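Scroll down for the structure; my scribbles are underneath it.
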Amino acid sequence: MKLSKWKYPSYYLSAVGIANIGQWVYLLAINLIVLEMTGSALAVAGLYMIKPFARMFVGLWAGSVIDRSSTKHLMISLDVIRALLIVSIPFLDSIWIIYTLVLFIQMASAMFDPASFTYMTLLLPEHSRKRFNALLSFVHSGAFIMGPALAGILFMVGSLKMALFVNVGAFLLSAGLT
């Protein structure tokens, strides 16, 4: 198999890997920011309730938007939207505004996942999908290990806000690779 056939799938895998690592950094940082702001484990638990609510809300209409738009441009837009929303979090002092931004971030993520799947299906010929899926699984597993490790290093070296800014860079880099 020629390497030129894997040029665009490699970009896609890199984008997905970087975005997944960024998601882990964001998840850990936002949990610690909310815990630091409120001192309440219940407030942190509220963050975890937002994700399924966002997925249920977006699931009703996301498929029709994905089918009617360019999936590549939609994925780029969603990465940029997530980056813009995350960059504003460190400057907020209201927990309710942070919850609202987290809701919109999770809505963008809920739309990104099926768009990403659609894009992958259109990008690859059928005979390459098994190998690609194996590589994609490896990327997801690697992000599961690298994301929390990177977050821990960022928290030790800098601050929670700095970790969020690194995450913004990760989403913008992911958008550029897409």
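Residue numbers (our numbering): 72 to 249. The beta carbon of each residue, even a glycine, is placed where N, CA and C say it ideally should be. Remember, it's a predicted structure, so these values are computed and weren't measured experimentally.
task = Give a yes or no on whether the C-beta atoms belonging to Ile-152 and Leu-145 are separated by under 8 Å.
result = no
ask   = Just the Cα atoms here: how many angstroms apart are Ser-135 and Met-227?
value = 43 Å
ask   = Fully enclosed by the segment 149-189, which beta strand (DSSP E) runs are 3 residues long or longer?
value = none
request  = State the start and end residues of the unbroken alpha helix (DSSP H) segment that holds Thr-109.
outcome  = 78-109
key: Coil, strand or helix - Met-72 by DSSP   = Here the model assigns Met-72 a pLDDT of 48, short of 50, so the residue's position is not dependable, and the following value carries that caveat. It is coil, neither helix nor strand.
ask   = Where does Asn-240 sit, in a helix, a strand or coil, going by DSSP?
value = Correcting the residue identity first, residue 240 is Gly in this sequence and not Asn. Gly-240 falls in the helix class under three-state DSSP.
key: Collapsed DSSP secondary structure at Leu-231 in the structure displayed   = helix
task = State yes or no: is the C-beta of Ala-86 within less than 8 Å of the C-beta of Leu-248?
result = yes
request  = Assuming Met-191 contacts Val-129 (C-beta within less than 8 Å), just tell me the rounded distance between them.
outcome  = With 8 Å as the limit, Met-191 and Val-129 do not qualify as a contact, their Cβ atoms being about 19 Å apart.
key: Under the three-state DSSP convention, the category Pro-196 falls into   = coil
message = One question on the structure: do Ala-205 and Trp-95 come within less than 8 Å of each other, judged by their Cβ atoms?
response = no
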